[in-house]
Amino acid sequence: MVAGFTHDAHPARVVFGVDAHRTELLPELERLRARAILILASESQSEVAEELTLAMPGFRPRSLGFTRGKGAAERRSRARALAACEGVDCLVAVGSGAVIRAAAELAWQAAIPLIVLPTSYAGAEFDALMAASHGRGRTRRSARADPRVVIYDPTLTVGLPDHITGRSAMLALANGVGVLCTPEASPVAAMMAEEGIRQIADSALDAILHPRGLIGRSRTQYGGYLIASALAVTAPGPHRMAVTAVAQACRLRHSDLGTVLLPHLLAATGELRPLDLAHVAGAIGHNDAVRGVCELSGDLGAPQSLRELGMAPASLSSAIEAVRDNTAAVRDTGLDPDVLATLVENAYDGRNPGVPGPPGTSHTAHPTQEGW
Numbered sequence: 003m004v005a006g007f008t009h010d011a012h013p014a015r016v017v018f019g020v021d022a023h024r025t026e027l028l029p030e031l032e033r034l035r036a037r038a039i040l041i042l043a044s045e046s047q048s049e050v051a052e053e054l055t056l057a058m059p060g061f062r063p064r065s066l067g068f069t070r071g072k073g074a075a076e077r078r079s080r081a082r083a084l085a086a087c088e089g090v091d092c093l094v095a096v097g098s099g100a101v102i103r104a105a106a107e108l109a110w111q112a113a114i115p116l117i118v119l120p121t122s123y124a125g126a127e128f129d130a131l132m133a134a135s136h137g138r139g140r141t142r143r144s145a146r147a148d149p150r151v152v153i154y155d156p157t158l159t160v161g162l163p164d165h166i167t168g169r170s171a172m173l174a175l176a177n178g179v180g181v182l183c184t185p186e187a188s189p190v191a192a193m194m195a196e197e198g199i200r201q202i203a204d205s206a207l208d209a210i211l212h213p214r215g216l217i218g219r220s221r222t223q224y225g226g227y228l229i230a231s232a233l234a235v236t237a238p239g240p241h242r243m244a245v246t247a248v249a250q251a252c253r254l255r256h257s258d259l260g261t262v263l264l265p266h267l268l269a270a271t272g273e274l275r276p277l278d279l280a281h282v283a284g285a286i287g288h289n290d291a292v293r294g295v296c297e298l299s300g301d302l303g304a305p306q307s308l309r310e311l312g313m314a315p316a317s318l319s320s321a322i323e324a325v326r327d328n329t330a331a332v333r334d335t336g337l338d339p340d341v342l343a344t345l346v347e348n349a350y351d352g353r354n355p356g357v358p359g360p361p362g363t364s365h366t367a368h369p370t371q372e373g374w
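Position in the sequence shown (from 1) plus 2 gives the number in my numbering.
If you want it as structure tokens, here you go:
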């Protein structure tokens, strides 16, 4: 007998296909009966935005470039004003985290549908406007912030720098492991996360080794979609709660930390939930889940330490104490305070997960590139 469970399905319509941003966007706009279109695109996707704008006969399209950093607030204000002035009835976001979050916020505020064309693998399209977690729960600000359509086209990831490919693929994989290690995850979500991990583990390196190839990119994109869909309907588990606690203590971005902490969290939680560790190992295709994650992360050139993420040595002691004293993190992860503290200490220098010792070898750090 199948054990009882509850599973929410994400409402977005999903379209996959090579060159789908050219062949499928207009039919989706027609289906939504949209006419006044505002395209928000990251700077690296400006040519795509211009091409889409010119290929919309019968529509009233406008495009606006978007960048994170100092100009982001001004661009958000300009987008809101433009949407109101032009009577925009559909938003199209082309890019990754920053532009997708900005478009989702505008869609929520203006109550207009959103179409997303992701250009990386981390899954921001299904996690753009989640409210802060409270305890074990996870709620949305509003269903109207969800994208109505997500169009996945591997050609939009061609030209993605190798270090961004590796980071976003590993972040997606880390999110998938987080779902598998969440006790409350439905079996449907766990199945999607496991298959997503398998797709990424099998194909992300191919996306780096063959810059113009589409096979590895397509499969990595598919894996990212499966994981994002599972994550969007799963309450935060011990991995996500631990990353949140460390992010607060270290003052680093949650998205960057997920990849660095993943093998350390697996080593720490594996003793509590060995079956989860077995599922992760099977999906990665390695007889040791922790070692398999470390090897894949190294092959993809993803960050290996908190030091690489910009954490100063002077901040380490205070971060360790902050994590050790975080009673909520201890409760939500089920880990002893000293284990959490050791986890941060090992992750700082990229030491072997759960094993005290000299710092390990780290990859050269790359500057964060949010242009995609």
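Think of the CB as a built atom: it goes at the ideal place given N, C-alpha and C, for glycine as much as any other residue.
Among the residues of its own chain, which have a CB less than 6 Å from the CB of residue i, if the five just before and after it don't count?
i: Ala-36; result: Asp-91 and Cys-92
i: Gly-19; result: none
i: Asp-334; result: Met-243
i: Arg-219; result: Pro-156, Thr-159 and Ala-209
i: Pro-63; result: Ile-39 and Thr-55
i: Leu-66; result: Leu-42 and Ala-81
i: Gly-168; result: Leu-302, Gly-303 and Ala-304
i: Val-292; result: Pro-265, Leu-268, Ala-269 and Pro-355
i: Thr-184; result: Thr-236 and Gly-239
Please name the residue, chosen from the options, that lies closest to residue i on a Cα-to-Cα basis.
i: Glu-26; options: Gly-168, Leu-302 and Ile-153; result: Ile-153
i: Thr-222; options: Gly-287, Ser-122 and Gly-300; result: Ser-122
i: Ser-44; options: Ile-202, Leu-162 and Thr-8; result: Leu-162
i: Gly-294; options: Cys-183, Ala-124, Ala-269 and Val-16; result: Ala-269
i: Arg-33; options: Arg-78, Ala-5 and Pro-115; result: Pro-115
i: Ala-174; options: Ala-57, Met-194 and Ser-307; result: Met-194
i: Gly-303; options: Leu-211, Pro-238 and Ala-14; result: Leu-211
i: Arg-78; options: Leu-182, Ala-112, Glu-30 and Ile-166; result: Ala-112
i: His-9; options: Ala-192, His-281 and Pro-339; result: Ala-192
i: Ser-320; options: Ala-57, Cys-252, Pro-240 and Trp-110; result: Cys-252
Per DSSP, residue i is paired with what?
i: Phe-68; result: Ser-44
i: Pro-120; result: Gly-97
i: Arg-15; result: Val-151
i: Ile-39; result: Pro-63 and Cys-92
Between residue i and the rest of its own chain, which residues show a CB-CB distance below 8 Å, the 5 nearest in sequence each way excluded?
i: Ala-74; result: Phe-68, Ala-100 and Ala-104
i: Ala-343; result: Ile-322, Glu-323, Val-325 and Arg-326
i: His-266; result: Leu-345, Asn-348, Ala-349, Pro-355 and Gly-356
Am I right that residue i and residue j are in contact with their C-beta atoms under 8 Å? What's the rounded C-beta distance?
i: Gly-226; j: Gly-198; result: 7 Å
i: Leu-158; j: His-23; result: 6 Å
i: Gly-125; j: Ile-229; result: 6 Å
i: Pro-237; j: Glu-196; result: Per the sequence shown, residue 237 should be read as Ala rather than Pro. Between Glu-196 and Ala-237 the Cβ distance is about 18 Å, and since that is not below 8 Å, they are no contact.
i: Leu-119; j: Ala-95; result: 7 Å
i: Leu-207; j: Leu-254; result: In fact, because the Cβ distance is near 26 Å, the residues do not count as touching under 8 Å.
Please report whether the beta-carbon of residue i lies at a distance below 9 Å from any beta-carbon of chain D.
i: Gly-125; result: Looking at the structure shown, chain D is missing, and only one protein chain is on hand.
Within a Cβ cutoff of 7 Å, which residues of the same chain sit near residue i, ignoring the five residues on either side of it in sequence?
i: Val-248; result: Leu-259, Leu-263, Val-325 and Val-346
i: His-12; result: Phe-128, Ser-231, Ala-234 and Val-235
i: Arg-242; result: Gly-180
i: Arg-15; result: Arg-150 and Val-151
i: Leu-108; result: Ala-81, Arg-82, Ala-85 and Leu-93
i: Gln-47; result: Val-96, Gly-97 and Thr-121
i: Glu-52; result: Ser-65
i: Ala-176; result: Gly-260, Thr-261 and Leu-264
i: Leu-182; result: Ala-192, Ala-195, Glu-196, Asp-278, His-281 and Val-282
Practice item. Please list the segments of the alpha helix (DSSP H) lying wholly inside the segment 195-236, counting only runs of 4 or more residues, in order along the chain. Key: Fully enclosed alpha helix (DSSP H) runs of 4 or longer: 217-234.
Practice item. Tell me the start and end of each unbroken beta strand (DSSP E) in the segment 148-175 that is at least 3 residues and wholly inside, in chain order. Key: Listed in chain order, the complete beta strand (DSSP E) runs (minimum 3 residues) inside the segment 148-175 are 151-154.
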